[in-house]
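**Q**
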Amino acid sequence: MKRFIGGANREQGTLFPERLADFIAEDNPVRVIDAFVDELSLSDLGFKVIPEVTGRPGYHPAMLLKLYIYGYLNRVRSSRRLEREAQRNVELMWLTGRLAPDFKTIADFRKNNGKAIRNVCREFVLLCRNLDLFSQALVAIDGSKFKAVNNRDRNFTPAKMKRRMEQLNQNITRYLGELDTADRQAPDVAEARTARLQEKIAALKEQMRELEVLEQRLHEAPDKQLSLTDPDARSMKTRGNGIVGYNVQTAVDTENHLIVAHEVTNVGIDRDQLAPMAKQAREATGTEDLTVVADRGYYKSEQLLTCDEAGITVYLPKPQTSGNHAKGFFEKSDFRYIAADDEYQCPAGERLVWRFQTVERGLTLHKYWSSACPHCAMKAHCTPSIYRRVSRWEHEAVLEAVEARLDHAPDVMRLRRQTVEHPFGTLKAWMGSTHFLTKTLPRVRTEMSLHILAYNLKRMINILGVGTLLAAVRA
167 MKRFIGGANR EQGTLFPERL ADFIAEDNPV RVIDAFVDEL SLSDLGFKVI PEVTGRPGYH
227 PAMLLKLYIY GYLNRVRSSR RLEREAQRNV ELMWLTGRLA PDFKTIADFR KNNGKAIRNV
287 CREFVLLCRN LDLFSQALVA IDGSKFKAVN NRDRNFTPAK MKRRMEQLNQ NITRYLGELD
347 TADRQAPDVA EARTARLQEK IAALKEQMRE LEVLEQRLHE APDKQLSLTD PDARSMKTRG
407 NGIVGYNVQT AVDTENHLIV AHEVTNVGID RDQLAPMAKQ AREATGTEDL TVVADRGYYK
467 SEQLLTCDEA GITVYLPKPQ TSGNHAKGFF EKSDFRYIAA DDEYQCPAGE RLVWRFQTVE
527 RGLTLHKYWS SACPHCAMKA HCTPSIYRRV SRWEHEAVLE AVEARLDHAP DVMRLRRQTV
587 EHPFGTLKAW MGSTHFLTKT LPRVRTEMSL HILAYNLKRM INILGVGTLL AAVRA
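If you count by our numbering, then the sequence shown holds residues 167 to 641, one letter each, in order.
1) What whole-angstrom Cβ distance do F590 and S310 have, given they're in contact under 8 Å?
2) Buried or exposed for P267, going by 16 or more other Cβ atoms inside 10 Å?
3) Taking 8 Å as the threshold, find out whether the region 423 to 430 comes into contact with the region 613 to 623 through three or more Cβ pairs.
4) If you draw a straight line from the C-alpha of T347 to the C-alpha of I367, how long is it?
5) Can you tell me which of R185, R169, K277, R284 puts its alpha carbon nearest to the alpha carbon of L208?
6) Among S499, V556, E468, which residue has its Cα nearest to the Cα of G528?
7) Near R558, what residues of its chain come up, given a Cβ to Cβ distance below 6 Å and the 5 sequence neighbours on each side ignored?
8) Can you give the Cα-Cα distance for T604 and V414, rounded to whole angstroms?
9) Confirm, please, whether the CB-CB distance from V632 to F202 is below 7 Å.
10) Between which residues of its own chain and P485 is the CB-CB distance below 6 Å, once the five residues before and five after are set aside?
11) Would you call the region 407 to 422 in contact with the region 291 to 304, where contact means no fewer than 3 C-beta pairs closer than 8 Å?
12) Identify every run of the alpha helix (DSSP H) within the region 409 to 457, keeping only runs that are complete inside it and at least 4 residues long; order them along the chain.
13) Locate the beta strand (DSSP E) running through R517, then write down its first and last residues.
14) Output the boundary residues of the alpha helix (DSSP H) element that contains T472.
15) Would you check if there are 3 or more beta carbon pairs closer than 8 Å linking the region 383 to 396 to the region 317 to 324?
16) Work out the CA separation of R246 and N335 for me, nearest whole Å.
17) Let me make sure I understand the geometry here. Which of N337, R359, E332 has the alpha-carbon closest to that of L345?
18) Residue range of the alpha helix (DSSP H) that R284 falls in?
19) So, for V519: in the same chain, excluding its five sequence neighbours on each side, which residues have a beta-carbon less than 6 Å away from its beta-carbon?
20) Below 8 Å on the Cβ atoms is my contact criterion, and I expect F290 with L630 to pass it. Report the Cβ-Cβ distance as a whole number of Å.
21) Give me the residue from R330, I409, G452, N490 with the minimum Cα distance to L380.
22) Just confirm the distance between the C-beta atoms of V198 and L636, as a whole number of angstroms; I'd bet it's less than 8 Å.
23) Using only the alpha-carbon positions, how far apart do V480 and A369 sit?
24) Answer with buried or exposed for S499, where buried requires no fewer than 16 other C-beta atoms within 10 angstroms of its C-beta.
25) Return the Cβ separation of A417 and L440 in integer angstroms, given the expectation that the two are a contact with Cβ distance under 8 Å.
26) Could you say which of M579, P217, A228 lies nearest to E205 if we only look at CA atoms?
27) What does the alpha-carbon distance come out to for the pair R502 and H547?
28) Tell me, please, whether the region 440 to 455 touches the region 565 to 574 by the rule of three or more beta-carbon pairs shorter than 8 Å.
29) Excluding the 5 residues flanking M167 on each side, which residues of the same chain have their C-beta closer than 7 Å to its C-beta?
30) For K403, is the classification buried or exposed, using 16 other Cβ atoms within 10 angstroms of its Cβ as the cut-off for buried?
31) If contacts are defined as beta-carbon pairs under 8 Å, then E257 and I190 qualify, I think. What distance do you get, rounded to the angstrom?
32) State the CB to CB distance for the pair Y236 and V196, rounded to an integer number of angstroms; the pair is presumed to be in contact (CB under 8 Å).
33) Evaluate L342 with the Cβ neighbour count: other Cβ atoms within 10 Å of its Cβ, from every protein chain shown; 16 or more gives buried, anything less gives exposed.
34) Ordered along the chain, which non-local residues of its own chain (more than five positions away) have a Cβ less than 7 Å from that of A447?
35) What's the C-alpha gap between P397 and R222?
36) Could you name the residues of the same chain whose beta carbon sits closer than 7 Å to that of Q253, not counting the 5 residues immediately before and after it, in chain order?
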């Protein structure tokens, strides 16, 4: 064993420090967790801090909250793993005062204090605001799909149900054909093969009966979707094959990349999330003149109008949904609106005048067209109909202002991508292949709040350092 570093003799007596604190350095992040929780008013946040007069004494919520924050900060999320860590981890022994609750107590604390834990996450954002870390007043909003505790085979939509029933029917037909073939084999071979095929056919028929029961439940569901393991999880489209999970929304500060607001929903599209997330971000940052930037998946006229009425400036690209360009026709952008006359000017120089007002999908629209369309020389590049009609929403000026704003600041979309994509990648790397461990939407929201709190805590330690952050927490 020469020329190698030698270890200590296992039989040698050792004099360890007399205090647990001697094992914890002054710049250890666990000191930030301890100070942050000690400064919280747990009763105001919703924790039960007054114990019952009778019965067995319980653990103080501050200790269990510290245990969870430490666990999520160090990628230990399971209650059983936290139980083991509390018994062997010196940092946790110092943090919890050598208390080691069992996994059921740990799991019940997260289950029973969901709203209070989410309030703790907001309190840390408030601490960041008090440190003037949101002075830029610009946030990026984005959403990402996270997996639920629900396998894809245990999630049903009408299309999935139809495919599975067709597949079962095909398999039953194939086995019945093989059964006829087996009858023509030798008696000993035919008997064994027939018994095996009949067992398979019986199993498939049982699956078909189960699917018929599930189909009835599926038709009764409001959104025509059914998840057996996690009833709140939903099938959502992604760039790959899609997942069964939840849609996590975040608003990220572009200066320090702190998550100022978040939300978890089981709606797979983002169109209705812009205004709610923008308002949450403004409340969290305490900034009245907030500017938000998002991708085109958030584009919806009503949401943009709500943000405009709330005084929130939005940078958002408009999706190209018209098929006119592929057909060789002019698009609506080729028609210039003249506000003074309330008319449109077409590429041929003709004026499209106001004709009537209508309501479509709850939106008040104005219709315009020109009487010169039937004899226009450019009609072949405009429309196959007699007239080229142009619709204008009554609040179209709001949409035009958003489009013009983005034209003058094209780099803001690159800033959005650099800001909001990284936190999602970091969180998913921390979570591993199984994103969420809990079931149902309220508990998933609690679990996501712990992840966001751990992410923001680590960001603050990296930005300010443990010593500065400790001083800010205790101030």
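Virtual Cβ for every residue (Gly too), placed ideally from N, Cα, C.
**A** On the basis of the data shown:
1) Along the sequence shown, read from residue 1 onward, the residue named residue 590 stands at position 424. Along the sequence shown, read from residue 1 onward, the residue named residue 310 stands at position 144. About 4 Å separates the two Cβ atoms, so the contact holds.
2) Working through the sequence shown from its first residue, we reach residue 267 at position 101. With 16 or more Cβ atoms within 10 Å of its Cβ, P267 is classed as buried.
3) yes
4) To locate residue 347, count along the sequence shown from 1; it is residue 181. To locate residue 367, count along the sequence shown from 1; it is residue 201. Near 15 Å, if we compare the C-alpha coordinates of I367 and T347.
5) The residue you call residue 208 lines up with position 42 of the sequence shown. Selected option, being the one with the closest Cα: R284.
6) Translated into positions along the sequence shown, residue 528 becomes position 362. Out of S499, V556, E468, E468 has the C-alpha closest to the C-alpha of G528.
7) As a working mapping, residue 558 is identified with position 392 in the sequence shown. So the qualifying residues of the chain are H532.
8) Here residue 604 refers to the residue found at position 438 when the sequence shown is read from its first residue. Here residue 414 refers to the residue found at position 248 when the sequence shown is read from its first residue. Going by the C-alpha atoms only, they are around 15 Å apart.
9) Working through the sequence shown from its first residue, we reach residue 202 at position 36. Working through the sequence shown from its first residue, we reach residue 632 at position 466. Result no, Cβ atoms of F202 and V632 do not sit closer than 7 Å.
10) In the sequence shown, counting from the first residue as 1, residue 485 sits at position 319. R462, Y465, listed in sequence order.
11) yes
12) 440 to 451
13) What you label residue 517 is simply residue 351 of the sequence shown in a count that begins at 1. That run of the beta strand (DSSP E) goes 517 to 526.
14) The residue labelled residue 472 in the question sits at position 306 within the sequence shown. Segment 467 to 475, the alpha helix (DSSP H) holding T472.
15) yes
16) Position 169 of the sequence shown, counted from the first residue, corresponds to residue 335. Position 80 of the sequence shown, counted from the first residue, corresponds to residue 246. Rounded to the nearest angstrom, the two C-alpha atoms are 44 Å apart.
17) Here residue 345 corresponds to residue number 179 of the sequence shown, with the count starting at 1. Nearest of N337, R359, E332 to L345, Cα basis: R359.
18) Within the sequence shown, numbered from 1, the residue matching residue 284 stands at position 118. Where R284 is concerned, the enclosing alpha helix (DSSP H) stretches over 280 to 296.
19) As a first step, residue 519 must be located in the sequence shown, where it is residue number 353. So the qualifying residues of the chain are E509.
20) The residue you call residue 290 lines up with position 124 of the sequence shown. The residue you call residue 630 lines up with position 464 of the sequence shown. Not quite, the Cβ-Cβ distance comes to about 13 Å (not below 8 Å), so this is no contact.
21) Here residue 380 refers to the residue found at position 214 when the sequence shown is read from its first residue. Of the candidates R330, I409, G452, N490, the one whose C-alpha sits nearest the C-alpha of L380 is R330.
22) For the purposes of this step, residue 198 is taken as the residue at position 32 of the sequence shown. For the purposes of this step, residue 636 is taken as the residue at position 470 of the sequence shown. The pair is a contact, with the Cβ atoms about 6 Å apart (cut-off 8 Å).
23) Here residue 480 refers to the residue found at position 314 of the sequence shown. Here residue 369 refers to the residue found at position 203 of the sequence shown. When rounded, the distance between both Cα atoms is 57 Å.
24) As a first step, residue 499 must be located in the sequence shown, where it is residue number 333. Label assigned to S499: exposed.
25) One-based indexing of the sequence shown puts residue 417 at position 251. One-based indexing of the sequence shown puts residue 440 at position 274. With 8 Å as the limit, A417 and L440 do not qualify as a contact, their Cβ atoms being about 10 Å apart.
26) Walking along the sequence shown from the start, residue 205 turns up at place 39. If we check each option's Cα against that of E205, A228 comes out closest.
27) Numbered from 1 along the sequence shown, position 336 holds the residue referred to as residue 502. Numbered from 1 along the sequence shown, position 381 holds the residue referred to as residue 547. Computed Cα separation, rounded: 17 Å.
28) no
29) Your numbering for residue 167 matches position 1 in the sequence shown. Residue placement at M167 cannot be trusted, given a pLDDT of 48 that sits under 50; what the coordinates show is reported in the next sentence. So the list is empty, once near-sequence residues are dropped.
30) Within the sequence shown, the letter at position 237 stands for residue 403. Exposed, since its Cβ has fewer than 16 Cβ neighbours within 10 Å.
31) For the purposes of this step, residue 257 is taken as residue 91 along the sequence shown, with counting starting at 1. For the purposes of this step, residue 190 is taken as residue 24 along the sequence shown, with counting starting at 1. Indeed they touch by this definition, with Cβ atoms about 7 Å apart.
32) One-based indexing of the sequence shown puts residue 236 at position 70. One-based indexing of the sequence shown puts residue 196 at position 30. Contact flag correct, Cβ pair sits at about 6 Å.
33) Mapped onto the sequence shown, residue 342 falls at position 176. So L342 counts as exposed.
34) As a position in the sequence shown, residue 447 is number 281, starting the count at 1. These residues qualify, in order along the chain: V305, A417, V426, A427, L456, V458.
35) Along the sequence shown, read from residue 1 onward, the residue named residue 397 stands at position 231. Along the sequence shown, read from residue 1 onward, the residue named residue 222 stands at position 56. Using only the alpha carbons, I get a separation of about 35 Å.
36) On the sequence shown, position 87 is the one that residue 253 refers to. Contacts found: A266.
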